[in-house]
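One structure below.
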Amino acid sequence: MANPHYERVLTELSRVLGFTDTHALASGGRIKAGDHIITFIHDEEIDEHHLSVYVDLGKPTSNEKRAFELLLKINFELDASGRGTLSLHPETGHAFYSFKYPLNDVASGQSLLDNLARAVADVAVEGAAAAA
Numbered sequence: 001m002a003n004p005h006y007e008r009v010l011t012e013l014s015r016v017l018g019f020t021d022t023h024a025l026a027s028g029g030r031i032k033a034g035d036h037i038i039t040f041i042h043d044e045e046i047d048e049h050h051l052s053v054y055v056d057l058g059k060p061t062s063n064e065k066r067a068f069e070l071l072l073k074i075n076f077e078l079d080a081s082g083r084g085t086l087s088l089h090p091e092t093g094h095a096f097y098s099f100k101y102p103l104n105d106v107a108s109g110q111s112l113l114d115n116l117a118r119a120v121a122d123v124a125v126e127g128a129a130a131a132a
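Quick note: the sequence shown, position 98, residue 98 per my numbering, numbers continuous.
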């Protein structure tokens, strides 16, 4: 059974962002924000009630040992509070930040955008703390 909130939330997000094609995100479209690509995946077989949000942070710096150490430290802090996960894509080697967004009656495009902005800011804060 399809979650009725999935298309509604991504259509609302498209409107908030000023997209002319408001159905593109719900059809697998992505957002480019600065150097980051943001992907939204709803796999009903795995979790019908949540949208998975993936933020491509790019390849780690040339000092991979330090980058991986930093990713793991940030991941420890994020996971402890349930704010998402940092990982490495197995094919591209890019670092990704991912989190779940609940698809329910109160979910909205603006709320998803707010959660996305807050989540990326949390990663930056945790990153600065871990790097210190």
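Ideal Cβ placement from N, Cα and C applies to all residues, glycine included.
- Counting along the chain, L17 sits inside no beta strand (DSSP E), nor does DSSP assign it H or E at all.
- In this structure, the straight-line span from the alpha carbon of S98 to that of F40 is close to 10 angstroms.
- In the three-state reduction of the DSSP assignment, V9 falls in the helix class, which pools H, G and I.
- By the C-beta density criterion, S62 is exposed, having fewer than 16 other C-beta atoms within 10 angstroms.
- Judged by DSSP in its simplified three-state form, A24 adopts coil rather than helix or strand.
- Contact annotation: the stretch 64-79 does not touch the stretch 18-25, with fewer than three C-beta pairs closer than 8 angstroms.
- Sequence-distant Cβ neighbours of A119 in its own chain, meaning closer than 8 angstroms and more than five residues away, are V53, V55, R83, G84, Y97, F99.
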